[in-house]
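Worksheet: one structure, shown below.
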Amino acid sequence: MEIYIISMCVVAGIYAVMALGLNVMWGMAGLVNLGLVGSAAAGAYTSAILTKTFAIPIPLGIMAGAIVAAAVGAVLSLVTRRLKEHYLAIVTLGFAETIRIVASNEIWLTNGTDGISGIAGPFRADLTPFQYNLVYLGIVLLVLLGLYVCCQRISYSPLGRVLRAVRDDDMVVSVAGKNAQSFKLKAFSIGSGIIGLAGGLYAHYTSFISPDLFVPLLTLYVKLSLLVGGVGNNRGAVVGAALIILILEGSRFVVPFIPYISPAQGAAIRELFLSATLLIVLRFRVTGLIPEPHDHPVIPRPGTATAGTSIKAF
Amino acid sequence: MNRREFLSASAIVAGSLCAPGILRAETVIKLGVLTPLTGAGASDGPRMVKAMQAVVEEVNKAGGVIGRSIELVVEDDQTNPEAAVRAAQKLVGVDRVPVIMGTWASAVTSAVAPVCWESKTCLMTVSGADSITQLPHQGYIFRTQPNTALQATKHAEYIASVGAKKVFYVAVQTPFAATMREQIASVLTAKGSSLVGGLIYESNKTSYRSEIDSAIAAKPDFIYLNSYSPDLTVLLKDLYRAGYSGGRITQSYAYTSKVAEGIQADVTDGLITVQPSSDVGSEAYSLVQKRLSNPAADSYEAQATDWISLALLAVQKSGKVVGTDIRDAVRLISQGGGTKVYSAAEGLKLLQQGKDVNYDGASGNCDFNEKGDIMDCRFRYSAAKGGKIELIKIV
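One line per chain: the protein sequences are A and B, in this order.
For the first sequence, position 251 (counting from the first letter as 1) is numbered 413 according to the working numbering, and the numbering increases by one without interruption.
For the second sequence, position 357 (counting from the first letter as 1) is numbered 1092 according to the working numbering, and the numbering increases by one without interruption.
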């Protein structure tokens, strides 16, 4: 039981990293990206190929994966520079499929649909499965914490403010003398890079990747995480990811207690749980469980903290 | 509902989810089933589950295995490697099953395999990709689906048996195209015919005229078309236009009804199609038909029956519900000099009397080589005639 809980925490952590990346694009800059598995695939494949073929250390491989994914994100942003909202969503969806099909066909590089197996994991050979999962959980939590701090910094930095302005009205941003396009490109690269890093983490955790891994299902789970947690909120991204894994996995233990259903119906009910969660959250908390904050976590907004005293003064 | 209420409600739900595992008694033997119940494999997964449940019911009625009854823990692999890994981790981590049966897509099997061998759990699968049994799985993988080498061997034997002397190999670019060619060549040579040439082409072209010309230049009397449906249509038409009148063989999955509808019957007449078959006519297969009340039980149902039967017999043979012991016991009950048995219930009875058994299954005789691949399997050969498929034979 413990090893299962630990391994699910690892997966939740990786989902959370992806949700953080998506939050930079979607939550902060308002860029709807349905192609985040494409970025994850770029990161995972880069790291897997580099560590396997060129035997470079795993951390460097994952970093390289993140950089390649960031570059891919930048290219995608340039290609889609005239697109917004639904149009952008459709094109990014197509982009992810393109990456998947390239990975299926460029057999010399990616080993095609057979996938790449035996990807190295940190100290994997020397540890029992239990210890390995524990070590990996530590790594994922550290990475998650680091990225969370970075994303919080971005969120409250001048860059974050401009990104939110781009999201709310990029015309106004342009009028204010900022190049909205370059900020969209930054958001896409940063977000895509973070997601690529998560892809690398996943590849080294399970030791196997194949094109079939990077299908829209994963995109939707991550998107759902952010939606449930709270779009535009980094804490929401992490909480949402944990909650989605809790529902996905928790439903396994509920379904066997429903009488008179076949396993196939049980599997369908599990999917139903997930959609019901989405509906409930969207009905009662449209901003997600933890909505986007309007105040800086440390520095109070001028006027709010002193509101009480100022009222007295008048 | 505010956030605090929502979170505490979620926590209560989450907590209650953990209860069932604690309440359940541990006297039954739990075996893991991981099939696609949603996603691309959803048409095959539920039937495989039913086939396994039917065997379990039969065995439980007859008294179970080593005095304990059997329970299948079924999880959905969603035909997705990521979801499948989570499901497998639940099966080995929570239910502590010694064996997982039923992975269908090759990517899913490859993803789940490391979880299995690291936790010393057997994995029984129907996935076809050759790379699967080449993984460092320490013997934990058993595959009842013929791999490419076995398919190539059987196809080549058939081609030689119909008297073809000069065979040409035409294949779409796939990971297994080249290895298949080598295997076919060596089998043909051993049987007194020869492979006069071969080419690997790119899929989805609108004409294969140049490929066909170079094939016909080698003057073959038989052409092996290892193609997918869209290409097969074009290839058959180009062959017909070039006036080729020799034999042609292709995989059944390529010659679909859609292909048949798209081409005139004179173009396809005489085309041989081949697919792996369950051991139709065997005693084990007729038991499957009876057990499932389905006279047309297919290869997946047959293989599912064989996995659960092998697992149960291996548990009885080793006397333990441990993955490593099951791995070591499978070959003791699937092959060798023991009494031939055709169902788990029958084999268990003999094993309980201390006799040796050799399980011959519904999908074939279930003899495994050291890599976990089956060594022999039946194939169904059919011929196209007037746009329809007619069975020639199953060998």
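The beta-carbon is built from N, C-alpha and C at its ideal position, and this holds for glycine as well.
Remember, it's a predicted structure, so these values are computed and weren't measured experimentally.
Worksheet item: If we count the other Cβ atoms within 10 Å of its Cβ and call it buried at 16 or more, is Met225 (chain A) buried or exposed?
Response: Residue numbering aside, residue 225 (chain A) sits at position 63 when the first sequence is read from its first letter. So Met225 (chain A) ends up on the buried side.
Practice prompt. Measure how close the beta-carbons of Phe911 (chain B) and Thr883 (chain B) come, nearest whole angstrom, since I'm counting them as under 8 Å.
Written response: In the second sequence, residue 911 (chain B) corresponds to position 176, counting from 1. In the second sequence, residue 883 (chain B) corresponds to position 148, counting from 1. With a Cβ gap of about 4 Å, Phe911 (chain B) and Thr883 (chain B) count as contacting.
Discussion item. Using a Cβ distance threshold of 8 Å, determine whether the region 894-908 of chain B contacts the region 866-886 of chain B, with at least three qualifying pairs required.
Written reply: Look at the beta carbons and you see the region 894-908 of chain B not touching the region 866-886 of chain B: under three pairs across the two are nearer than 8 Å.
Item to complete: Name the one or two DSSP bridge partners that Pro881 (chain B) has.
Response: Within the second sequence, residue 881 (chain B) is the residue found at index 146, counting from 1. DSSP output for Pro881 (chain B) lists no bridge partner at all.
Worksheet item: Whose C-beta lies closer than 6 Å to the C-beta of Leu299 (chain A) among residues of the same chain, with five residues either side of it excluded?
Response: Here residue 299 (chain A) refers to the residue found at position 137 when the first sequence is read from its first residue. These residues qualify, in order along the chain: Ile168, Cys171 and Val172.
Item to complete: Specify, as a first and last residue, the run of the beta strand (DSSP E) that Leu960 (chain B) falls within.
Response: Here residue 960 (chain B) corresponds to residue number 225 of the second sequence, with the count starting at 1. The continuous beta strand (DSSP E) containing Leu960 (chain B) extends over residues Phe957 to Asn961.
Worksheet entry | Under the three-state DSSP convention, the category Cys1101 (chain B) falls into | By 1-based counting over the second sequence, the position of residue 1101 (chain B) is 366. Three-state result, Cys1101 (chain B): coil.
Discussion item. By the three-class DSSP mapping on this structure, what secondary structure does Leu870 (chain B) have?
Written reply: Looking up residue 870 (chain B) in the second sequence gives position 135. Of the three classes helix, strand and coil, the one that applies to Leu870 (chain B) here is coil, per DSSP.
Worksheet item: Mind checking if Tyr298 (chain A) is an interface residue toward chain B, Cβ cutoff 8 Å exclusive?
Response: Walking along the first sequence from the start, residue 298 (chain A) turns up at place 136. Chain B places no beta carbon closer than 8 Å to that of Tyr298 (chain A), leaving this residue out of the contacts.
Item to complete: Identify whether Cys1112 (chain B) lies in helix, strand or coil by the three-state DSSP scheme.
Response: In the second sequence, residue 1112 (chain B) corresponds to position 377, counting from 1. Cys1112 (chain B) falls in the coil class under three-state DSSP.
Fill in: Residue nearest to Tyr310 (chain A) in terms of C-alpha spacing, selected from A:Val186, A:Leu441, A:Ala438 and A:Leu436
Here residue 310 (chain A) refers to the residue found at position 148 of the first sequence. The option with the nearest alpha carbon to Tyr310 (chain A) is A:Val186.
Discussion item. Would Gln813 (chain B) and Gly774 (chain B) qualify as a contact pair, given that the criterion is a beta-carbon distance under 8 Å?
Written reply: Taking the second sequence and counting its residues from 1, the one referred to as residue 813 (chain B) is at position 78. Taking the second sequence and counting its residues from 1, the one referred to as residue 774 (chain B) is at position 39. The Cβ atoms of Gln813 (chain B) and Gly774 (chain B) sit closer than 8 Å to each other.
Fill in: Inter-residue Cα distance where the pair is Tyr959 (chain B) and Arg1115 (chain B)
Stepping through the second sequence from its first residue, residue 959 (chain B) is reached at position 224. Stepping through the second sequence from its first residue, residue 1115 (chain B) is reached at position 380. Near 16 Å, if we compare the C-alpha coordinates of Arg1115 (chain B) and Tyr959 (chain B).
Worksheet item: Within 10 angstroms of its Cβ, does His456 (chain A) collect 16 or more other Cβ (buried), or is it exposed?
Response: Here residue 456 (chain A) refers to the residue found at position 294 of the first sequence. Counting Cβ neighbours within 10 Å, His456 (chain A) comes out exposed, since fewer than 16 surround it.
Worksheet entry | Alpha-carbon spacing of Lys348 (chain A) relative to Thr290 (chain A), whole angstroms | Residue numbering aside, residue 348 (chain A) sits at position 186 when the first sequence is read from its first letter. Residue numbering aside, residue 290 (chain A) sits at position 128 when the first sequence is read from its first letter. Taking the Cα positions, Lys348 (chain A) is about 41 Å away from Thr290 (chain A).
Worksheet item: Quick one, are the C-beta atoms of Ala206 (chain A) and Ala403 (chain A) less than 8 Å apart?
Response: Within the first sequence, residue 206 (chain A) is the residue found at index 44, counting from 1. Within the first sequence, residue 403 (chain A) is the residue found at index 241, counting from 1. For the pair Ala206 (chain A) and Ala403 (chain A), the CB atoms are not nearer than the 8 Å cut-off.
Worksheet item: What distance in whole Å lies between the Cβ atoms of Ala989 (chain B) and Ser1012 (chain B), which are believed to be in contact at a cut-off of 8 Å?
Response: Here residue 1012 (chain B) refers to the residue found at position 277 of the second sequence. Here residue 989 (chain B) refers to the residue found at position 254 of the second sequence. So it is not a contact: roughly 17 Å between Cβ atoms.
Worksheet item: Of all the options B:Ala895, B:Trp839 and B:Glu853, which has the alpha carbon lying nearest to the alpha carbon of Ala864 (chain B)?
Response: As a working note, residue 864 (chain B) is residue 129 in the second sequence. Looking only at B:Ala895, B:Trp839 and B:Glu853, the smallest Cα-Cα distance to Ala864 (chain B) is reached by B:Trp839.
Fill in: CB contact flag (Tyr1146 (chain B), Gly1058 (chain B), <8 Å)
No answer is possible for residue 1146 (chain B): the residues shown for chain B start at 736 and end at 1130.
Worksheet item: If you draw a straight line from the C-alpha of Gln1038 (chain B) to the C-alpha of Thr1003 (chain B), how long is it?
Response: Here residue 1038 (chain B) corresponds to residue number 303 of the second sequence, with the count starting at 1. Here residue 1003 (chain B) corresponds to residue number 268 of the second sequence, with the count starting at 1. Answer to the nearest angstrom: the Cα atoms are 31 Å apart.
Worksheet item: If you draw a straight line from the alpha carbon of Gln788 (chain B) to that of Leu807 (chain B), how long is it in whole angstroms?
Response: The residue given as residue 788 (chain B) occupies position 53 in the second sequence. The residue given as residue 807 (chain B) occupies position 72 in the second sequence. When rounded, the distance between both Cα atoms is 7 Å.
Discussion item. For a cutoff of 8 Å on Cβ pairs, would you count Asn815 (chain B) as touching chain A?
Written reply: For the purposes of this step, residue 815 (chain B) is identified with residue 80 of the second sequence, where counting begins at 1. So yes, Asn815 (chain B) belongs to the interface.
Worksheet item: Would a check of beta-carbon distances place Pro965 (chain B) closer than 8 Å to chain A?
Response: One-based indexing of the second sequence puts residue 965 (chain B) at position 230. For Pro965 (chain B), the answer is no, since every Cβ of chain A falls outside 8 Å of its Cβ.
Item to complete: Please list the partners that Gln824 (chain B) has in chain A, where partner means a Cβ-to-Cβ separation under 8 Å.
Response: Counting from 1 along the second sequence, the entry for residue 824 (chain B) is found at position 89. Neighbours of Gln824 (chain B) on chain A, chain order: Ile165, Tyr166, Ser169 and Met170.
Worksheet item: Are the beta-carbon atoms of Val850 (chain B) and Val827 (chain B) separated by less than 8 Å?
Response: What you label residue 850 (chain B) is simply residue 115 of the second sequence in a count that begins at 1. What you label residue 827 (chain B) is simply residue 92 of the second sequence in a count that begins at 1. Between Val850 (chain B) and Val827 (chain B), the C-beta gap is smaller than 8 Å, which places the two residues in contact.
Worksheet item: From A:Thr213, A:Pro221, A:Val417 and A:Ile406, pick the residue whose C-alpha is nearest to that of Ile301 (chain A); which is it?
Response: Translated into the one-based positions of the first sequence, residue 301 (chain A) becomes position 139. The residue from A:Thr213, A:Pro221, A:Val417 and A:Ile406 with its alpha-carbon nearest to that of Ile301 (chain A) is A:Pro221.
Fill in: Residues of its chain near Ala174 (chain A), where Cβ-Cβ distance is below 7 Å and the 5 sequence neighbours each way are ignored
Working through the first sequence from its first residue, we reach residue 174 (chain A) at position 12. A distance below 7 Å between beta-carbons, with the five flanking residues on each side excluded, links Ala174 (chain A) to the following residues of its chain, in chain order: Ala403, Ala404 and Ile407.
Worksheet item: What number of angstroms, rounded off, separates the C-alpha of Ser947 (chain B) from the C-alpha of Ser201 (chain A)?
Response: On the second sequence, position 212 is the one that residue 947 (chain B) refers to. On the first sequence, position 39 is the one that residue 201 (chain A) refers to. It is worth fixing the name first, because residue 947 (chain B) is Ile in this sequence and not Ser. When the Cα atoms are used, Ile947 (chain B) and Ser201 (chain A) turn out to be separated by approximately 41 Å.
Worksheet item: Are at least three pairs of beta-carbons, each pair with one atom in the region 359-374 of chain A and one in the region 273-281 of chain A, less than 8 Å apart?
Response: Flag = yes, the region 359-374 of chain A and the region 273-281 of chain A touch.
Worksheet entry | N- and C-terminal bounds of the beta strand (DSSP E) containing Ala989 (chain B) | As a working note, residue 989 (chain B) is residue 254 in the second sequence. Element bounds for Ala989 (chain B): n/a, residue is neither H nor E.
Fill in: Element boundaries [alpha helix (DSSP H), containing Asn295 (chain A)]
By 1-based counting over the first sequence, the position of residue 295 (chain A) is 133. Counting along the chain, the alpha helix (DSSP H) containing Asn295 (chain A) begins and ends at Pro291 to Tyr318.
Discussion item. Distance cutoff 8 Å, beta carbons only. Does Trp270 (chain A) sit that close to anything in chain B?
Written reply: The residue labelled residue 270 (chain A) in the question sits at position 108 within the first sequence. By the rule that beta-carbons nearer than 8 Å mark a contact, Trp270 (chain A) does not touch chain B.
Item to complete: Determine, using beta carbons only, whether Gly283 (chain A) and Ser369 (chain A) come nearer to each other than 8 Å.
Response: Taking the first sequence and counting its residues from 1, one reaches residue 283 (chain A) at position 121. Taking the first sequence and counting its residues from 1, one reaches residue 369 (chain A) at position 207. Taking 8 Å as the cut-off, the Cβ atoms of Gly283 (chain A) and Ser369 (chain A) count as close.
Worksheet item: Taking Cβ-Cβ distances shorter than 7 Å, what residues in chain A pair up with Val829 (chain B)?
Response: Numbered from its first residue, the second sequence carries residue 829 (chain B) at position 94. Result: Met163 and Tyr166.
Fill in: The beta strand (DSSP E) enclosing Tyr1077 (chain B), as first and last residue numbers
Locating residue 1077 (chain B) in the second sequence gives position 342, where the first residue counts as 1. Taken as a continuous stretch (DSSP letters only), Tyr1077 (chain B) belongs to no beta strand (DSSP E), as it is neither H nor E.
Worksheet item: For the putative contact between Leu255 (chain A) and Leu196 (chain A), defined by C-beta atoms under 8 Å, what is the C-beta separation to the nearest angstrom?
Response: Taking the first sequence and counting its residues from 1, one reaches residue 255 (chain A) at position 93. Taking the first sequence and counting its residues from 1, one reaches residue 196 (chain A) at position 34. With a Cβ gap of about 4 Å, Leu255 (chain A) and Leu196 (chain A) count as contacting.
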